[in-house]
Amino acid sequence: MLKQHRAIWKRHSTNFRQGTVPECSGSICLAHGREPCYCPASDWKDVQLCQVCCMDDGVCKSSYVLDDIPDAAALPGTPCNDLKGYCDIFRICREVDPSGPLSMLSRFLTGDGFSKVLDYLSKHWYIGLAGGLVLIIVIVLMFKFCSKSHKLLDDDGDRPPKRRILAFAHNTPRQISALGNRNRVTPTDVNMVDTYM
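Numbered according to our numbering, the sequence shown spans residues 196 to 392.
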């Protein structure tokens, strides 16, 4: 048998219906017979921009000012300031930046910027050639100085010092525990092998 839907007020201004198919829909303003609106503010730093606002006698007012509506703040990512920004996690309305780095790159590649650079490099070809040579030299130097060096052993006797490696004759619990504490390993526990590494 299906459960009947029962309305529960969610903390952030939406009516939450819990039942067979839970959903959050609508503004808290609609539940009180008012129209939702975007809070007006004097500047972008105003805290009121990220509060839930409802129309009251033709004026958009914050839920913190209205007595019959519970105080509510907008969720992060909610549009604010008449769709000119969005609320962040600190409840501050952030302006959408139309001049961000991606839009600047897009305008450069599709507009006159790219063609101007090509015209300049075709007139001053030696600058493009010098830039290409500098780039190749930088890459070669990075490989030379940043790569791992491998010294080859000479036959003249330049060998690294001897190191002892523990080679276990059997995998017994006693030997495994001895490996954990190397100070307690004795020649009776393991076979010692001299090798060069």
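Just so you know, even glycine gets a beta-carbon here, dropped at the ideal spot from N, CA and C.
- Message: Pop quiz: Ile284 and Pro293 are said to be a contact at Cβ under 8 Å. What is the actual Cβ separation, rounded to whole angstroms?
- Response: Rounded, the Cβ-Cβ distance is 22 Å, inconsistent with contact.
- Alpha carbon to alpha carbon, how far is Leu316 from Val335? 24 Å
- Query: Helix, strand or coil for Ala236 per DSSP?
  - Reply: coil
- Item | According to DSSP, residues forming a beta bridge with Pro231 | Cys249
- Task: Note down the Cα distance separating Asp238 from Lys343, rounded to an integer number of angstroms.
- Result: Asp238 and Lys343 have their C-alpha atoms spaced approximately 56 Å apart.
- Message: Taking the straight line between their C-alpha atoms, what separation do you get for Ser301 and His227?
- Response: 46 Å
- Within 10 angstroms of its Cβ, does Lys256 collect 16 or more other Cβ (buried), or is it exposed? buried
- Bridge-paired residues (DSSP) for Gly280: Cys275 and Glu290
- Output yes or no for whether 8 Å exceeds the beta carbon distance between Gln243 and Cys234. yes
- From which residue to which residue does the beta strand (DSSP E) around Val335 run? Per DSSP, Val335 is not a residue of any beta strand (DSSP E); the alpha helix (DSSP H) it occupies stretches across Trp320 to Cys341.
- What is the rounded straight-line gap between the Cα of Tyr391 and the Cα of Ile322? Confidence in Tyr391 is poor, its pLDDT being 43 and thus under 50, which makes the residue's placement unreliable; the coordinate value appears in the next sentence. Computed Cα separation, rounded: 54 Å.
- Message: Less than 8 Å between the beta carbons of Cys249 and Cys224, yes or no?
- Response: yes
- Query: Around the C-beta of Cys341, are 16 or more other C-beta atoms found within 10 angstroms, so that it is buried, or is it exposed?
  - Reply: Classification of Cys341: exposed, given that the 10 Å Cβ count is below 16.
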